[in-house]
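Below is one structure; the comments refer to it alone.
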Amino acid sequence: MKAGRELDHPEYLLLFDGVCHLCHGAVQFILKRDPHGHIHFASLQSQRAQEILSHYNYQEKDMSSVVFIANGQLYTKSDAILHVGRKLQGGWPLLSNIARLIPRPVRNPIYDWVARNRYRWMGKAEQCMLPTPQIRSRFLD
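Sequential numbering from 100 applies to the sequence shown in the working numbering.
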């Protein structure tokens with residue numbers, strides 16, 4: 100999915116819905132379990148994220164999927180979640196590897212169901228999350 104020209108971004112980049120409370124919680128969860136700061140973040144609504152997605156020829160406009168870019172490869176939906184889990188500390192890499200045994204046609208409909216209902220269940224913010232000064236370096240502008 101990578102386009103021909105080079106685009107500078109961190110090696111591990113998670114693009115998330117910046118107005119979704121569930122996504123904010125997921126980012127906080129990841130920050131606590133990635134103390135070495137391998138994973139960086141950007142809101143899908145940001146201009147920078149849109150440039151990156153365009154570079155990878157990713158066309159989805161409805162923000163219904165988290166996007167994880169690792170080593171120049173773009174992952175979406177349950178694949179993105181499982182690749183993030185493999186970068187975290189604790190038992191998350193093992194759990195992610197076990198969950199990968201579940202076929203994508205089973206995993207992704209569950210992901211889609213949660214994505215469709217996330218605003219109803221968790222709410223929606225008026226604006227994107229503002230990172231604290233301590234974690235600001237892990238967020239792209």
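All C-beta atoms in this analysis are idealised placements derived from N, C-alpha and C, irrespective of residue type, glycine included.
Here the structure is a predicted model, which is why all the values come from computation and not from measurement.
Three-way DSSP call (helix, strand, coil) for residue i in this model
i: Gln172; result: strand
i: His139; result: strand
i: Val166; result: strand
i: Arg104; result: Residue placement at Arg104 cannot be trusted, given a pLDDT of 47 that sits under 50; what the coordinates show is reported in the next sentence. Arg104: coil per DSSP, three-state reduction.
i: Arg215; result: helix
Delimiting residues of the alpha helix (DSSP H) encompassing residue i
i: Leu152; result: 146-154
i: Phe128; result: 120-132
Extent of the continuous beta strand (DSSP E) run through residue i
i: Leu112; result: 111-115
Assumed close pair residue i, residue j - CB separation to whole angstroms, cut-off 8 Å
i: Phe167; j: Leu143; result: Between Leu143 and Phe167 the Cβ distance is about 12 Å, and since that is not below 8 Å, they are no contact.
i: Ile138; j: Leu113; result: 6 Å
i: Asn207; j: Lys176; result: 5 Å
i: Pro193; j: Asp133; result: Just to set this straight, residue 193 is Leu in the shown sequence, not Pro. That pair is no contact at about 16 Å.
i: His108; j: Met221; result: Contact doesn't hold; Cβ gap of about 28 Å is too wide.
i: Gly136; j: Arg237; result: 6 Å
i: Ala179; j: Val165; result: 5 Å
i: Leu181; j: Ser195; result: 5 Å
i: Ile209; j: Leu130; result: In fact, because the Cβ distance is near 24 Å, the residues do not count as touching under 8 Å.
Which complete alpha helix (DSSP H) runs does the stretch 174-205 hold, if anything under 4 residues is left out? 176-184, 191-198
Taking 8 Å as the threshold, find out whether the stretch 192-202 comes into contact with the stretch 148-158 through three or more Cβ pairs. no
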